[in-house]
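Structure first, commentary second.
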Amino acid sequence: MFTARSEYRLSVRAENSDFRLTPKAIELGLVDEEQIEIFRKKEELKQKALDFLFSYQIPSHKWNKRGIEQASALKSEPISAYKIMGYPGL
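Plus 9 on top of the position in the sequence shown (first one is 1) and you've got my numbering.
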């Protein structure tokens, strides 16, 4: 559980500044065509990665066997890689 302040800090960190600010800069006409194309490709790659993380699902007990201790060794419900990445300590 994060506080509102820590969630805000996560949302404005340097690693995601291009995804937050480039669309605004494009709207204002501050970005040339080459940079827009680079940004669009980067967005596309990010979306493909997210799609993969959501779609890659294996049973909880198999995650546990692969070293993810937070995943139950007794359950067989599928868990996505995206959800696993949200576990504390990973």
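Beta carbons are placed, not taken as given, at the ideal position from N, Cα and C, and that holds for glycine. Everything numeric in this text was worked out from a predicted model, so none of it was measured.
C-beta contact flag for residue i and residue j at 8 Å
i	j	result
Ser-85	His-70	yes
Tyr-96	Ile-77	yes
Own chain, CB closer than 8 Å to residue i, minus 5 neighbours either side, in chain order
i	result
Phe-61	Ala-90
Gly-98	Gln-79
Arg-49	none
Burial state of residue i (16 or more Cβ within 10 Å)
i	result
Ala-80	buried
Ile-45	exposed
Close-in-space but distant-in-sequence residues of the same chain around residue i (CB under 7 Å, 5 per side omitted)
i	result
Pro-87	Gln-66, Ile-67 and Pro-68
Ala-2	Beyond the ends of the chain as shown, which are 10 and 99, falls residue 2; an answer cannot be given.
For residue i: DSSP bridge partner residues
i	result
Ile-6	Because the chain in this structure spans residues 10 to 99, residue 6 falls outside the shown range and cannot be described.
Check: residue i C-beta below 7 Å from any heavy atom of the ligand PLP
i	result
Ile-88	No copy of the ligand PLP appears in this structure; indeed no ligand is present at all.
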